[in-house]
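Quick note: the sequence shown uses our numbering, first residue 226, plus one each step. Backbone N, C-alpha and C fix where the C-beta goes; we use that ideal spot for every residue, glycine too.
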Amino acid sequence: MAPSPTKICNDSLEGRLDFRSHVKGKRHSQLSRQAASSGRSVPPIVEETGPAPNASASPSESASSTRCTRCRKHVPQSQLQDHLKTHDLQERLDSALEFAESNKCGFTIDGLGGVDFGIVGEEQKPVVRLRIIRESEPQPTHIRLSKCRLLSSSRNDQHSDRFSVELVGSPYIFPGRPRILRVTFQPSYAGRYEDRLELVFMNLATKARFVIHRRLFATVGDQSDHEQLQPTAPYTRRKRVPLNIDGPIRRGLRPPTWTKTRWVNVLPNFDVPRQITDILYKRGAQSRKDVLALLKGFLSPDLNLRTYGSRFQLLLHLEEEQMKQDLDAYAMEGVSLRPKHPRYELEVQGLAENRPSVLVGDFILVRQDHATDRTWFQGRVHQVYENYVSLRFDDSFSTYRGNSFEVRFVLNRLSLRRMHAALINKNNPVRLLFPGPEHIRNLRRMSSGLIDKISPINRDIGGDPEQLEAVAAIVNMPPGSPPFVIFGPPGTGKTVTLVESMHQLLANDNTTRLLVCAPNNSAADLLTQKLSTLGPSVVLRLNSLSRKLSELPKSLHRFAIINDNEVFAMPTAQDIRKYRVVVSTCITAGVPASLGIERGYYSHIFVDEAGQAMEPTVMVPLKELADDKTNVVLAGDNKQLGPIVHSGLASVLGLKTSYLARIMDREIYDLDGKSSVGGRGVTIVKLVRNFRSHPAILEFSNEHFYNNELQYCGNPILTRSLQDSNELPKKKFPLIFHGIIGKDQREASSPSFFNIEEASQVKKYCINLISDRKNGIRAEHIAVITPYHAQRIKILNLLSRDHTTREIKVGSVEEFQGQERRIVIISTVRSNTDFIGADINRMLGFVASPHRFNVAITRAQALLIVIGNPMVLSLDPLWRAFLNYVYRGGGWRGKTISWDPAGAVDPFSEQGYDGETRQRAAGEAEETIARLKALITRKNGEIEDGFQFELDDSDEETGHFGFGEGAVFREED
């Protein structure tokens, strides 16, 4: 790397370590302060860097890139100059405001560092007294307080009438005669309030002015909630430990509680090829674009039968490397192990948050610090507790009090290996992978006669033509048909339709055998519950060995295989053949094949919530167990949650697209009538009757995601049960958006965000709703959805204090897909209002996902409450459109809207409002800097060099500002 001069010091430096040492040094810091205090622009520090020696670059980032060390953000070269300008502007603004806050010209004002009113109740009206003190001078001149204002008033900010200021006494300030400013805070709603008090003083002799600022803070809320939820420790980014597995490894011992399983087909390892890791961590690559170009050399431009397996294998390799990188962040040094022979206990911070995620059967490597023997011992996880794990090592392992260890977490590759095994097998049915017109030549839409023959077991289906048509189509599918899709928007009963189809198939043919899958355990458990009337002799709920027994509802224990150690066990091939229905996750669906169950044994394979699974995940049951006669049925909604993919590279190359979404793009699945083949009723049925939600709750999603095709068919006794609730700003419109300015915070080493103000407001709504006995609300009727685990923990902390609320379920959007509650409360959390550097993706995080948004707002049956910062949420077009909808409907509460809610919004525009907001914030910042420059003087009263302004002579006239003895300085409402 060429020598790099820093832009303040003009020092040339060699290498990354020299650069960082210099930036932290006294010379650079001193010159930075001098530049800032002089009003000179301080350029942000930018480091041109490749990977550090012995460190791996992230596969999601380029191996050599331009990184701004102020925000640690990798910036595309084309955007670098604009990015640097935002830092430059923020630096100049901070410098100007810092100088404005300083005491100067012999004047001292209380509250240096800010005037904090603390936590204030909504009915309180606190007052803070600030003294203005002037130092003694040999020949004092007349100095007058000529202006006093709140900066929010210049922006027409609604906070401008929440703080008010009153001067006690004359505006003329003399040595030894302090003046008092009475600052009053009058709250209007919960949340954080900030403002700046600007005091402009004039020396009547020299006509020079100077300014002193005081920041004002107040938080309206519950004092006890804030005390209980304060950060446990300041947030510190988790320190990355150098990852060198440079010694031999001794294997750990299998958990003794596991029942031994006889596998007929053993999975290969499928290690990541060396040429792939060379590309991902190649030091010569200049950008992420270069890495993508190199990877595309391994990919055919087309996805077809020949390239199918190799393409998805490559994407899985990329995903694996990113998952390893994510896990590497949790490596530890200098930790101790507690002997609990024959096991050892290891404390793991963040375990309760799944940071890292550790399951029984996983591997953890440990090695004694600074030992001459560099052997790693592989510990097998035997038990997982709230904040520690129990490990079993090779019998040669031992430790003594005071010993410390290096710790590395090892990625559990079982699911990846099962996906690879499915991808490479020779079973590649075109009708499943690339269904086309040639596969539906003999298929026709169901006649009314065939539909009428269906006698529903679930009587509710009888009144829904689309559900009946889907059931009839599935029951009458010829063996070896292309996949049939039940496209089920929220609340339309896709799982009910799926289960009805299973009942009909089982009743019609004694040889029918079903493999029923879902991407996750909760969805698989729900399917088992709906099939439970068949009994445990018919239905097997197949669970992974590593799953905790406590996670399976007790009502389903009789459907699972549980050994005497109360852990799940695998059946034998002979045992699994006893069941006509096997329910599992898609990954665990690979177990029957490994046990020796042949392809075609199951006549039908069902996959519910298929849109949530990566395509290789769905291929585990399909390619391992389907033959040329097996029929496949998929249920899902590609407008809801898609697959969770960790690798940005794999996402770009196609892993983010689910199997369901991919085949729905093929012409035989056309829903719009544009294709001459297939379509509605033949290969796909779209359910359009929503049985879940009040029309006002569903309307926005119906319009923006489902072409207004959904029909409101919910039971009005339920869906309209809360439309006259006392909580509603407007009756008959059971939606609330509660605008609240909070603060997104982090604690300790957890990167997850929480927001105390929002958590407290969630608790308040829960208590109020349950306390209103006329509506009969109980804890099980309420769901709280929040995208951040830390916020979930904080909300549960508050709700657990009241016996009426402690059973309320709080979870992520993913946990609630497919579920519904009478009341749903959403806490969006993010509240960072640094608009100068506004970046939607960074400011909103998970909240900016359209699919997450759609799932979250469609879980509610009778009442939907969304709590968040409207200033931040409105940066996203989809959120802005939703906020406009709620505002126009009369459901707004809290901080008022700051834009025109009648304005046209394209909710799916790629251009958010962050650019517009950034420009406005930058303009306000430049204006503030310019105005403050005009008021900055030297201590001797001379005008600061380079600052020009014209005196407003009216400032000399006391009457123009209403300053008499005891006059009130107060901004207009």
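Measure the C-alpha to C-alpha separation of residue i and residue j and round it to an integer number of angstroms.
i: Arg536; j: Glu776; result: 35 Å
i: Leu994; j: Val913; result: 31 Å
i: Thr457; j: Pro660; result: 55 Å
i: Ala321; j: Tyr625; result: 58 Å
i: Leu1103; j: Val1091; result: 14 Å
i: Ser263; j: Ala415; result: Residue placement at Ser263 cannot be trusted, given a pLDDT of 41 that sits under 50; the coordinates are not used to answer.
i: Phe712; j: Val1080; result: 15 Å
i: Ile504; j: Leu636; result: 21 Å
i: Leu693; j: Gly687; result: 7 Å
i: Ala794; j: Thr753; result: 18 Å
i: Ala973; j: Thr1011; result: 20 Å
i: Glu452; j: Ala838; result: 41 Å
i: Ile358; j: Gly394; result: 13 Å
i: Ser615; j: Gly627; result: 19 Å
i: Leu530; j: Ala814; result: 23 Å
i: Gln500; j: Ile812; result: 27 Å
i: Lys1164; j: Cys373; result: With a pLDDT of 40 at Lys1164, under the threshold of 50, the predicted position of this residue should be treated as unreliable, and no value is reported.
i: Thr1029; j: Asp997; result: 12 Å
i: Pro459; j: Arg971; result: 8 Å
i: Leu392; j: Gln986; result: 36 Å
i: Gly705; j: Arg656; result: 8 Å
i: Ala433; j: Pro1095; result: 42 Å
i: Arg633; j: Val858; result: 42 Å
i: Asp833; j: Phe930; result: 20 Å
Which two residues bound the contiguous alpha helix (DSSP H) that contains residue i?
i: Ala695; result: 690 to 700
i: Glu326; result: 305 to 326
i: Asn733; result: 719 to 733
i: Ile649; result: 639 to 649
i: Ile992; result: 981 to 996
i: Leu1023; result: 1014 to 1024
i: Asp551; result: 533 to 553
i: Asp444; result: Looking at the sequence provided, one finds Thr at residue 444 rather than Asp. Careful: Thr444 lies outside any alpha helix (DSSP H), inside the beta strand (DSSP E) at 434 to 445.
Evaluate residue i with the Cβ neighbour count: other Cβ atoms within 10 Å of its Cβ, from every protein chain shown; 16 or more gives buried, anything less gives exposed.
i: Lys1019; result: buried
i: Pro481; result: exposed
i: Phe1133; result: exposed
i: Thr797; result: exposed
i: Val1111; result: buried
i: Glu983; result: buried
i: Ala1129; result: exposed
i: Leu305; result: exposed
i: Ala325; result: buried
i: Thr311; result: buried
i: His542; result: buried
i: Ile437; result: buried
i: Ile398; result: buried
i: Val489; result: exposed
I think residue i touches residue j, with their Cβ atoms under 8 Å apart; what is that distance to the nearest whole Å?
i: Arg1046; j: His1014; result: At roughly 20 Å, the Cβ-Cβ gap does not stay under 8 Å, so Arg1046 and His1014 are not in contact.
i: Val609; j: Val591; result: Going by Cβ atoms, the distance from Val609 to Val591 rounds to 16 Å, so no, they are not a contact pair.
i: Val721; j: Asn683; result: 6 Å
i: Tyr937; j: Leu923; result: 6 Å
Just to confirm the assignment, what range does the beta strand (DSSP E) spanning residue i have?
i: Ala814; result: Segment: none, Ala814 is in no beta strand (DSSP E) and carries neither H nor E.
i: Met427; result: 416 to 428
i: Gln593; result: 588 to 593
i: Met557; result: 557 to 560
i: Lys1034; result: 1034 to 1036
i: Ser389; result: 388 to 393
i: Pro564; result: 563 to 565
i: Leu406; result: 404 to 410
i: Gly674; result: Not the beta strand (DSSP E): Gly674 falls in the alpha helix (DSSP H), residues 673 to 677.
i: Ala749; result: First-last for Ala749: 746 to 755, but that is the alpha helix (DSSP H), not the beta strand (DSSP E).
i: Lys372; result: 368 to 375
Given the structure, does residue i come close to the ligand ADP, in the sense that its CB is under 7 Å from one of the ligand's heavy atoms?
i: Gln603; result: In the structure on display, the ligand ADP does not appear, and there are no ligands present to speak of.
Problem set entry | Sequence ranges, beta strand (DSSP E) only - wholly within the segment 865 to 930, length at least 3 | Positions of the beta strand (DSSP E) runs, each at least 3 residues long and wholly inside the segment 865 to 930, are given as 909 to 911 in order along the chain.
Exercise. Fully enclosed by the segment 583 to 633, which beta strand (DSSP E) runs are 3 residues long or longer?
Worked result: 588 to 593, 601 to 609, 613 to 617
Problem set entry | Completely contained alpha helix (DSSP H) runs for the segment 1093 to 1130, where each covers 4 or more residues | 1095 to 1098, 1102 to 1114
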